[in-house]
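**Q**
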Amino acid sequence: MPGETAPLENVVWAASRFAPSQDGARPAGLEPRYWDWEDLYSRLGPDLVVLGARRFGLSRDDAEEALQMAATAIVLAAPSVRSPEAYLTSVFLRECLGILRRRSQLARTEVAPPVGFDAADDSCERIEVTCRFRQAFSLLSPVCRSMMRSCLLDGRRRAESDSSSAARTAYKRYRKCLRTLAHALG
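Numbered by my numbering, the letters in the sequence shown go through residues 15 to 200 in order.
1) If we ignore side chains and look at the alpha-carbon of each, how far apart do K190 and E142 end up?
2) Using CA coordinates, which residue listed in V129, L90, E99, L199 is at the minimum distance from D61?
3) Taking the straight line between their C-alpha atoms, what separation do you get for R57 and I88?
4) P60 lies in the alpha helix (DSSP H); which residues open and close that run?
5) State buried or exposed for Q138, treating a residue as buried only when at least 16 other CB atoms are found within 10 Å of its CB.
6) Are the region 71-81 and the region 99-115 touching by the rule of at least three beta carbon pairs closer than 8 Å?
7) Around the C-beta of A180, are 16 or more other C-beta atoms found within 10 angstroms, so that it is buried, or is it exposed?
8) I'd like to know if the region 114-128 and the region 142-155 are in contact, where contact means that at least 3 CB-CB pairs between them fall below 8 Å.
9) Could you tell me the alpha carbon to alpha carbon distance between W51 and A84, rounded to whole angstroms?
10) Rounded to whole angstroms, what is the Cα-Cα separation between M15 and V64?
11) Note down the Cα distance separating P21 from V105, rounded to an integer number of angstroms.
12) When DSSP labels each residue in this structure, what does D135 get in the three-state scheme?
13) For L195 versus F151, is the C-beta distance shorter than 8 Å?
14) Classify A134: buried if its beta carbon has 16 or more other beta carbons within 10 angstroms, exposed otherwise.
15) Over the uninterrupted alpha helix (DSSP H) stretch that includes V89, give me the two end residues.
16) By a C-beta neighbour count over all protein chains shown, 10 Å radius and 16 as the cutoff for buried, is P46 buried or exposed?
See the structure below:
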């Protein structure tokens with residue numbers, strides 16, 4: 015299966031085969047192999063990433079992710095791997111194929127949006143601003159909230175030519191409510 019690593023039983027079995035016996039001697043031909051992982055990765059890594067991009071059409075990040083999963087698998091299965099180059103290549107190709115299959119499965123299960131449907135607003139900024147405004151608005155007195163609602167939401171405006179004292183008082187109160195709201199937002 016794509017994304018799988020070597021089973022733990024293989025690692026335990028291989029470790030027990032390479033474990034020193036009571037007298038400290040190993041059976042002939044079963045000496046543990048030590049590979050230079052950095053050398054293996056530096057020699058094969060760039061070419062495998064290019065291969066994943068070219069053969070499977072993966073992005074560089076996806077190909078590098080497949081390479082990391084393959085490198086993890088080879089480290090886990092190290093005692094039982096005879097040819098680390100071949101193992102790394104085959105596991106890498108299997109991981110690339112798994113990524114490609116997961117993508118195609120996701121594409122099959124996704125529903126296309128209807129024609130004329132606007133994309134969702136992914137930015138959280140608008141939501142944060144709305145929450146901050148609602149919190150600040152809740153700090154206003156009931157009179158200020160009522161006045162702000164009537165002016166901002168209902169669209170009522172102060173008559174420019176109205177110079178009565180009631181209109182001036184209402185305007186001053188409105189300005190005071192705006193300052194309180196601005197202070198709460200600041």
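All C-beta atoms, glycine included, are put in the ideal place defined by N, C-alpha and C.
Remember, it's a predicted structure, so these values are computed and weren't measured experimentally.
**A** Let me lay it out:
1) 25 Å
2) E99
3) 15 Å
4) 51-70
5) The question names Gln, yet the displayed sequence has Cys at residue 138. So C138 counts as exposed.
6) yes
7) exposed
8) no
9) 12 Å
10) In this prediction, M15 has a pLDDT of 43, which is less than 50 and means its spatial position is unreliable; nothing more can be read from the coordinates.
11) Here P21 scores only 45 on pLDDT, less than 50, and its place in the model should not be relied on; the value that follows carries that caveat. Going by the C-alpha atoms only, they are around 13 Å apart.
12) coil
13) yes
14) exposed
15) 74-90
16) Confidence in P46 is poor, its pLDDT being 46 and thus under 50, which makes the residue's placement too unreliable to answer from.
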